[in-house]
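Inspection log for the structure reproduced underneath, given as structure tokens.
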Amino acid sequence: RGQYEDTSLVAKYTMTDEEYNQRRGTLRDWERQQKAQNQNFSLRQHAREHRELQEAQRQAKLGLPLPKGFELDSKGKVIRVETEESNTTTTTSTTTTTTSTEMPGLESVQGIEVGMRCRVQPGSRRGRVAFVGVVPELGGGGHWVGVVFDEPVGKTDGTAPKSGKRYFEAPPAGDKYGGFLRGKNVTVGDFPERDLLSDDDEDDSEDEL
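Position in the sequence shown counted from 1, then plus 213, gives you our numbering.
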């Protein structure tokens with residue numbers, strides 16, 4: 214009876230480091246397989262990159278600018294892209310291409326004008342364009358589109374997050390009706406406000422958190 218009251222009396226199974234090394238399907242075995250494919254692989258780096266991806270997905274959902282090194286693909290999925298800092302072996306031409314991708318120019322917002330109705334990815338969120346231009350305070354540089362959403366699915370009231378400078382008018386920040394987005398994530402056209410009583414929901418993105 215005493216061994217059930219005092220756990221120190223219970224015999225515990227122990228495994229030697231050598232036995233653990235020989236096991237398959239363990240974390241160490243998985244790490245070994247990854248290192249066989251990439252000698253620079255480490256669990257710490259893998260965990261850090263996973264956290265960074267989760268944060269990028271969260272910011273995408275809130276309509277915030279994505280962190281440097283991430284962008285949305287054609288399906289609205291957050292993906293990691295090579296940057297000058299993460300790829301020190303790239304050629305000059307590759308680096309130039311990467312830098313160009315990080316700083317979308319005027320062509321990235323061509324055809325998008327203030328007042329137009331729009332749909333934003335990810336999430337098929339609807340709203341109207343309230344600003345088109347450069348926002349120096351936002352990471353990545355280049356041109357941005359300011360959108361006032363029909364519902365509180367954004368992250369700003371039209372002010373830049375760091376400086377507090379106002380770029381467009383949106384309902385108070387507590388309701389989160391505004392967002393700054395890249396032009397490639399904004400589609401302008403006939404996108405009227407949704408009927409809140411309708412069961413039709415276009416948000417079927419598996420990347421929505």
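Built from N, CA and C at the ideal position, the CB exists for glycine as well.
Per the coordinates, the alpha-carbon of Glu326 lies some 9 Å from the alpha-carbon of Val358.
By the beta-carbon neighbour count (other beta carbons within 10 angstroms, threshold 16), Gly328 is exposed. The C-alpha of Asp363 lies about 6 Å from the C-alpha of Arg339. Judged by beta-carbon spacing, Gly396 lies within the 9 Å limit of Pro317, meaning their Cβ atoms are closer than that value.
Within its own chain, the residues whose Cβ lies closer than 7 Å to the Cβ of Ala269, once the five positions on either side in sequence are excluded, are Leu279, Pro280, Phe283 and Val291, listed in chain order. Ranking Leu256, Thr400, Glu231 and Phe393 by CA distance to the CA of Ala373 puts Phe393 first.
In this structure, DSSP gives Glu326 a state outside helix and strand, which the three-state scheme calls coil.
Closest in alpha carbon position to Val333, among Lys378, Leu222 and Glu406, is Glu406. Under the three-state reduction of DSSP output, Glu284 falls in the strand class.
Gly402 is not a Cβ neighbour of Arg341, given a cutoff of 9 Å.
Look at Leu256 here: in three-state DSSP terms it is helix.
If you check the CB distance, Lys389 and Val366 come in under 9 Å. In the structure shown, Arg236 falls within a coil segment according to DSSP collapsed to helix, strand and coil.
Nearest in C-alpha terms to Ala343, of all of Ala383, Arg257, Gly355 and Ser321, is Ala383. Contact between Glu244 and Leu256 holds, with the beta-carbon distance rounding to 6 Å and staying under 8 Å. At a Cβ-Cβ threshold of 9 Å, Asp370 and Gly391 count as neighbours. Less than 9 Å separates the beta-carbon of Val347 from that of Gly354.
Residue state for Ala224 is assigned as coil, using DSSP reduced to three classes. C-alpha of Lys288 to C-alpha of Leu351: approximately 24 Å in a straight line. Residue pairing by DSSP places Thr229 in no beta bridge whatsoever.
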